[in-house]
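2 protein chains.
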Amino acid sequence: MPIVSCIVDRFTQFAVLGAEEIALLSELELDPRSYAAGTVLCKAGSTATQLFTLVKGWAGIVRHFADGRRQVLDLYLPGQIMRLRELGSEQAQSDLLAFTDIVACPFPRERIDELLARPRLAGALLLTLTAEQGLLTERITNVARRPALERMAHFLLELRTRLGAETGAFELPLTQDVIGDMLGLSSVHVSRTLGRLRRLGLVHMADGQVRLLDIGALETLSGFQVGYLSRPGLPAQTAPATPVAAAPQ
Amino acid sequence: MPIVSCIVDRFTQFAVLGAEEIALLSELELDPRSYAAGTVLCKAGSTATQLFTLVKGWAGIVRHFADGRRQVLDLYLPGQIMRLRELGSEQAQSDLLAFTDIVACPFPRERIDELLARPRLAGALLLTLTAEQGLLTERITNVARRPALERMAHFLLELRTRLGAETGAFELPLTQDVIGDMLGLSSVHVSRTLGRLRRLGLVHMADGQVRLLDIGALETLSGFQVGYLSRPGLPAQTAPATPVAAAPQ
DNA sequence: CGCCATCTTGAGGTCTATCAATTTCAGTGG
DNA sequence: CCACTGAAATTGATAGACCTCAAGATGGCG
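The listed protein sequences correspond, in order, to chains A and B.
Counting from 1 along the first sequence, just add 4 to a position and that's the residue number in the numbering used here.
Counting from 1 along the second sequence, just add 4 to a position and that's the residue number in the numbering used here.
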């Protein structure tokens, strides 16, 4: 059975695409390559204009500080286009790092322009970006406003939704160090916090596998709302006339 | 001297546009309206599909929590399209709030589709979004990793750049409460922190006016890098478009 | 077995929130 | 002209959350 393109999967959640458009998208994944965990696919400061699609594994954008600390700016899961954020800069602002062994497909930035020439693809691209903005703002709220326990609970729920793990069981191949760098916590405190969640009977963790034991309780605890993650059934273009709300005055 | 559209100004930083494209953009600003400070232009949960361009004043996206606390997710300055982030959701996730008296132009979501039909506009739109992502990730770093003093310094430097206030003097018409809700600090601690910056001789504040007295020291203190903000083109309002951005060819 | 990375657990210190009191100032009305 | 009011900012005291340092524990891998 041929592997369906992750990217196509993802984009068809945002728009109805024609055969030609799908072909264009699939071209992004012509060149799959393997990278070992820990590989820096793109170094901060480099002028590389390459983008990547992620096919398999976990990767992220990481920013390093003078004092040795770091911040994970963005976590990529299969189906996402990586480094889209850097389109506007001449120089990469941060590292693109493989957290696990990954398979990714590099492609030149010009491909994006080809996509933009198709209004429907441009629209879908726009929606993937706004979806990512939703993730980012939710993370701001998470980091700025929630104490560690709730923050961690929220993080796990978000992962569950992004991974489509209905049951609440999924693989989490990140070290606590990396998790801390995502959530703005020290690795020590990540350990303590996960321990607390475990002792509360809300989460089971072993061997890089997570099981969320009481999703309702976790949602209540963290104030998690799927809203910011859920994709609309399908956007305007195809949908049977959605009544446009009257303008508020 | 006729008022040039803020939006056009902004977009021409990202791409070279033809007359027709500029006309399309200007149409977004056909309907300027005034809203008093404190007005909620768009309520969370509403199904309004309207977007706005901001012509004058300060506005933001605000998220309210059950316990009464809130988080400012995004701060809009003149020239930005507001609520772009909500394009993908059926329901607004958060409030659009006028922090000061503002002038904004509502326009229907369909206009965005018209823009997307023009590859160059689609490209420019994409770049405004990636620029906003840059702002967001920088804020995540700020909130997650920097203690209050550095966080505040970084915030002020970012504002200076966004406002194009070369000299380091600009108006800051936000209450310390709102600033706290942006930075993840209590309003009390905002006061203390600004006081410390003042006593350090780095900042002067009075009457809603800010003067950054030692920009170099502030940059060192906060680890501020213009990189994430600088547009490939030129400093904001002053220069005509330069074709450095990824203009689709 | 020893080595290394990761995770766990404890103790002390720092930063920030919270509660509360005070000050400032613009607006209002006597 | 002066008291009164309410929003915003300042300042002090206390408590709690989280960080850092440090010492084990665990487990894969040579």
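For glycine and all other residues, C-beta sits at the position ideal for the given N, C-alpha and C.
#1: What residues match up with Met209 of chain B in a beta bridge as DSSP calls it?
#2: Taking the beta strand (DSSP E) that Phe15 of chain B belongs to, which residues open and close that run?
#3: Step through the CB atoms of chain A and report whether any lies within less than 8 angstroms of the CB of Ile11 of chain B.
#4: Using the rule of at least 16 other Cβ atoms within 10 Å of the residue's Cβ for burial, across every protein chain shown, is Leu100 of chain B buried or exposed?
#5: Report yes if the C-beta distance between Gly231 of chain A and Gln97 of chain B is below 8 angstroms; otherwise report no.
#6: According to DSSP, is Val194 of chain B helix, strand or coil?
#7: Whole alpha helix (DSSP H) runs in the segment 16-64 of chain B with 4 or more residues, listed along the chain?
#8: Using the Cβ count rule (16 or more neighbours within 10 Å means buried), how would you classify Pro247 of chain A?
#9: Measuring straight from C-alpha to C-alpha, what distance separates Val20 of chain B and Arg122 of chain B?
#10: Chain B partners of Leu130 of chain A, CB-CB under 9 angstroms?
#11: Taking Cβ-Cβ distances below 9 angstroms as the criterion, which residues of the segment 208-227 of chain B are in contact with chain A?
#12: Just list the residues that DSSP pairs Phe254 of chain A with in beta bridges.
#13: Could you tell me whether the Cβ atoms of Val214 of chain A and Leu176 of chain A are closer together than 8 angstroms?
#14: Got a sec: is the Cβ-Cβ distance from Ile144 of chain B to anything in chain A below 8 angstroms?
#15: Please confirm whether Gly168 of chain B has its beta-carbon closer than 8 angstroms to some beta-carbon of chain A.
#16: Going by other Cβ atoms of all chains shown within 10 Å of its Cβ, with 16 needed for buried, is His68 of chain A buried or exposed?
#17: Apart from the five residues just before and just after Val194 of chain B, which ones in its own chain have a Cβ nearer than 6 angstroms to its Cβ?
#18: Can you give me the Cβ contacts of Gln253 of chain B inside the same chain, cut-off strictly under 7 angstroms, excluding the 5 residues immediately before and after it?
#19: Identify, in the order they occur along the chain, each residue of the same chain with its Cβ nearer than 7 angstroms to the Cβ of Leu217 of chain A, setting aside the five sequence neighbours on each side.
#20: Express the C-alpha separation of Thr197 of chain A and Gly42 of chain A in angstroms, rounding to a whole number.
#21: Can you round the beta-carbon distance between Leu187 of chain B and Val147 of chain B to whole angstroms, since I take them to be within the 8 angstroms contact cut?
#22: Look at the alpha carbon of Arg203 of chain B and the alpha carbon of Thr224 of chain B, and state the distance between them as a whole number of angstroms.
#23: Of all the options A:Phe159, A:Glu33, A:Phe56, which has the alpha carbon lying nearest to the alpha carbon of Ala102 of chain A?
#24: Mind reading off the beta-carbon distance from Leu32 of chain B to Phe111 of chain B? Whole number of angstroms is fine, and I expect it under 8 angstroms.
#25: Could one say the Cβ of Thr1 of chain A lies closer than 8 angstroms to chain B's Cβ atoms, at least one of them?
#26: Taking the continuous alpha helix (DSSP H) assigned at Arg87 of chain B, which residues delimit it?
#27: Using 8 angstroms as the limit for Cβ to Cβ distance, is Asp78 of chain B near chain A?
#28: I need the straight-line Cα distance from Gln84 of chain A to Glu170 of chain A, nearest angstrom please.
#29: Below 8 angstroms on C-beta distance, what does Tyr39 of chain B contact in chain A?
#30: Pick helix, strand or coil for Asp181 of chain B, following the three-state DSSP scheme.
#31: In the DSSP output, which residue or residues are listed as bridge partners for Tyr232 of chain B?
#32: Under the rule that 16 or more other beta-carbon atoms within 10 Å means buried, what is Leu34 of chain B, buried or exposed?
#33: Whose C-beta lies closer than 8 angstroms to the C-beta of Leu29 of chain A among residues of the same chain, with five residues either side of it excluded?
#34: Can you look up Pro123 of chain A in the DSSP assignment and give me helix, strand or coil?
#35: Just to confirm the assignment, what range does the beta strand (DSSP E) spanning Leu79 of chain A have?
Let me spell this out:
#1: For the purposes of this step, residue 209 of chain B is taken as residue 205 along the second sequence, with counting starting at 1. Residue pairing from DSSP places Met209 of chain B in a beta bridge opposite B:Val214.
#2: Mapped onto the second sequence, residue 15 of chain B falls at position 11. In this chain, Phe15 of chain B is not harboured by any beta strand (DSSP E); it is covered by the alpha helix (DSSP H) spanning 10-15.
#3: Indexing the second sequence from 1 puts residue 11 of chain B at position 7. Cβ-Cβ to chain A under 8 angstroms: no for Ile11 of chain B.
#4: The residue labelled residue 100 of chain B in the question sits at position 96 within the second sequence. Counting the other CB atoms within 10 Å of its CB gives Leu100 of chain B a total of 16 or more, which places it among the buried residues.
#5: Position 227 of the first sequence, counted from the start, is the residue given in the question as residue 231 of chain A. Position 93 of the second sequence, counted from the start, is the residue given in the question as residue 97 of chain B. Cβ atoms of Gly231 of chain A and Gln97 of chain B: closer than 8 angstroms.
#6: Sequence index remark: in the second sequence, residue 194 of chain B carries index 190 (1-based). When secondary structure is reduced to three states using DSSP, Val194 of chain B falls in the helix class.
#7: Qualifying alpha helix (DSSP H) stretches, in chain order: 23-30.
#8: Within the first sequence, residue 247 of chain A is the residue found at index 243, counting from 1. Low local confidence applies: a pLDDT of 36 at Pro247 of chain A is under 50, so the model's placement there is unreliable, with the coordinate-based value given in what follows. Counting Cβ neighbours within 10 Å, Pro247 of chain A comes out exposed, since fewer than 16 surround it.
#9: If you number the second sequence from 1, residue 20 of chain B lands on position 16. If you number the second sequence from 1, residue 122 of chain B lands on position 118. If I take the Cα positions, the gap works out to 12 angstroms.
#10: Against the first sequence, residue 130 of chain A aligns to sequence position 126. Within chain B, the residues near Leu130 of chain A are Leu88, Leu91, Gly92, Ile116, Leu120, Ala126, Leu129, Leu130, Leu133.
#11: Within the segment 208-227 of chain B, the residues whose Cβ lies closer than 9 angstroms to some Cβ of chain A are Gly227, listed in chain order.
#12: Chain A is shown from 5 up to 253; residue 254 of chain A falls before or after that span and cannot be answered.
#13: Counting from one through the first sequence, the residue named residue 214 of chain A turns up at place 210. Counting from one through the first sequence, the residue named residue 176 of chain A turns up at place 172. Yes, these two residues count as a Cβ contact at 8 angstroms.
#14: Working through the second sequence from its first residue, we reach residue 144 of chain B at position 140. At least one chain A Cβ lies under 8 angstroms of Ile144 of chain B.
#15: Along the second sequence, one-based indexing puts residue 168 of chain B at 164. It does not: the Cβ of Gly168 of chain B has no partner Cβ on chain A nearer than 8 angstroms.
#16: The sequence position of residue 68 of chain A within the first sequence is 64, counting from 1. Around the beta-carbon of His68 of chain A, fewer than 16 other beta-carbon atoms lie within 10 Å, marking it exposed.
#17: Mapped onto the second sequence, residue 194 of chain B falls at position 190. Excluding positions up to five away in sequence, the list reads Gln180, Ile183, Gly184.
#18: In the second sequence, counting from the first residue as 1, residue 253 of chain B sits at position 249. Confidence at Gln253 of chain B is low in this model, with a pLDDT of 32, below 50, so the placement of that residue is unreliable and no value is reported for it.
#19: Sequence index remark: in the first sequence, residue 217 of chain A carries index 213 (1-based). Cβ neighbours of Leu217 of chain A beyond the five flanking positions: Gly205, Leu206, Val207, His208.
#20: Position 38 of the first sequence, counting from 1, holds the residue named residue 42 of chain A. Position 193 of the first sequence, counting from 1, holds the residue named residue 197 of chain A. Cα-Cα distance, rounded: 25 angstroms.
#21: By 1-based counting over the second sequence, the position of residue 187 of chain B is 183. By 1-based counting over the second sequence, the position of residue 147 of chain B is 143. With a beta-carbon spacing of about 7 angstroms, Leu187 of chain B and Val147 of chain B fall inside the 8 angstroms limit used to define contacts.
#22: Within the second sequence, numbered from 1, the residue matching residue 203 of chain B stands at position 199. Within the second sequence, numbered from 1, the residue matching residue 224 of chain B stands at position 220. In this structure, the straight-line span from the alpha carbon of Arg203 of chain B to that of Thr224 of chain B is close to 17 angstroms.
#23: What you label residue 102 of chain A is simply residue 98 of the first sequence in a count that begins at 1. For Ala102 of chain A, the nearest C-alpha among the options comes from A:Phe56.
#24: In the second sequence, residue 32 of chain B corresponds to position 28, counting from 1. In the second sequence, residue 111 of chain B corresponds to position 107, counting from 1. Leu32 of chain B to Phe111 of chain B, Cβ: 5 angstroms. Contact.
#25: Residue numbering for chain A in the displayed model covers 5 to 253; residue 1 of chain A lies beyond these limits and cannot be assessed.
#26: Residue 87 of chain B sits at position 83 when you count from the first residue of the second sequence. It is not in any alpha helix (DSSP H) - Arg87 of chain B carries neither H nor E in the DSSP assignment.
#27: Stepping through the second sequence from its first residue, residue 78 of chain B is reached at position 74. Taking 8 angstroms as the threshold, the shortest C-beta distance from Asp78 of chain B to chain A falls below it.
#28: By 1-based counting over the first sequence, the position of residue 84 of chain A is 80. By 1-based counting over the first sequence, the position of residue 170 of chain A is 166. In a straight line, the C-alpha of Gln84 of chain A is about 20 angstroms away from that of Glu170 of chain A.
#29: Taking the first residue of the second sequence as 1, we reach residue 39 of chain B at position 35. Residues of chain A passing the Cβ test: none, with the nearest at roughly 10 angstroms.
#30: Sequence index remark: in the second sequence, residue 181 of chain B carries index 177 (1-based). The answer is helix: DSSP assigns Asp181 of chain B an H, G or I state.
#31: By one-based count along the second sequence, residue 232 of chain B stands at place 228. Partner(s): none; Tyr232 of chain B has no beta bridge.
#32: Against the second sequence, residue 34 of chain B aligns to sequence position 30. So Leu34 of chain B ends up on the exposed side.
#33: In the first sequence, counting from the first residue as 1, residue 29 of chain A sits at position 25. Same-chain partners within the cutoff: Ser9, Ile11, Val12, Phe15, Leu21, Leu119, Leu125.
#34: What you label residue 123 of chain A is simply residue 119 of the first sequence in a count that begins at 1. Per DSSP, reduced to three states, the secondary structure at Pro123 of chain A is helical.
#35: As a working note, residue 79 of chain A is residue 75 in the first sequence. Per DSSP, Leu79 of chain A belongs to the beta strand (DSSP E) from 74-80.
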